[in-house]
Structures are given as C-alpha cells and as structure tokens.
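A quick write-up on the structure given underneath.
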Amino acid sequence: MTPVSRCLRRLDHASAITDSTVAHLIAEALDELEAAFARPSDRVVALEAVLHEVRDRSGAGRKPLTRFLHTVVDQRQSRLTRRASS
29 MTPVSRCLRR
39 LDHASAITDS
49 TVAHLIAEAL
59 DELEAAFARP
69 SDRVVALEAV
79 LHEVRDRSGA
89 GRKPLTRFLH
99 TVVDQRQSRL
109 TRRASS
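Using my numbering, the first residue of the sequence shown is number 29, and each one after it goes up by one.
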C-alpha cells in the first residue's frame, strides 16, 4: 500500500470519529505520510495528492473534515516550502 493510500485510510477512519481525538489522528496520519518521503518537494506533492483525494471523496458529512484538512495541509506545505528554500 502506498503512503498516500495509507494516509487516506487513516483519514477515512478519523472522519468517522466525533470527539476531540480527530485532530490528533489527522496529525499522526500526515506525519506518517511526510515521513515516507525524504525530500520536501515529494512531501508537498504527497500532501497535495491526499488533499485532492479527500476533496474528490467529500460528501456532505465530510465538509468540516475537508476544510480542516485543507488548513492543516496548507500550513504543512508552507512550512516545507520555507525549509526547501532556505
């Protein structure tokens, strides 16, 4: 299973949870995804792939998760881009 597929599976699991652990589970899934790639540019691409897949799958019940994930992925990509340009 690819890192992106693993991350998506973990995000699917997190989307079914309705308590405060959701943010922690999402962070863990994205941390694992980033750890699978050595180069920051590969990490940015993988994060973008996950975000697009979640958007494509997004149903009415997942809209809040999609918005939250978009914010988190945006922050991570900005951080990675800053590191790569330093």
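Just so you know, even glycine gets a beta-carbon here, dropped at the ideal spot from N, CA and C.
Computed from a predicted model, the values in this text were never measured in an experiment.
- Collapsing the DSSP output to three states places Ala64 in coil.
- In this structure, DSSP gives Ala51 a helical state, which the three-state scheme calls helix.
- Rounded to whole angstroms, the gap between the alpha carbons of Ala74 and His98 is 13 Å.
- With a contact defined as Cβ atoms closer than 8 Å, Glu60 and Arg95 miss out at about 22 Å.
- Judged by their CB atoms, Ala42 and Ala66 are not nearer to each other than the 8 Å cut-off.
- For the set Val100, Arg107 and Ala112, the Cα lying nearest the Cα of Ala51 is the one of Val100.
- In this structure, DSSP gives Ala44 a state outside helix and strand, which the three-state scheme calls coil.
- DSSP places Ser113 in the helix class (H, G or I) of the three-state scheme.
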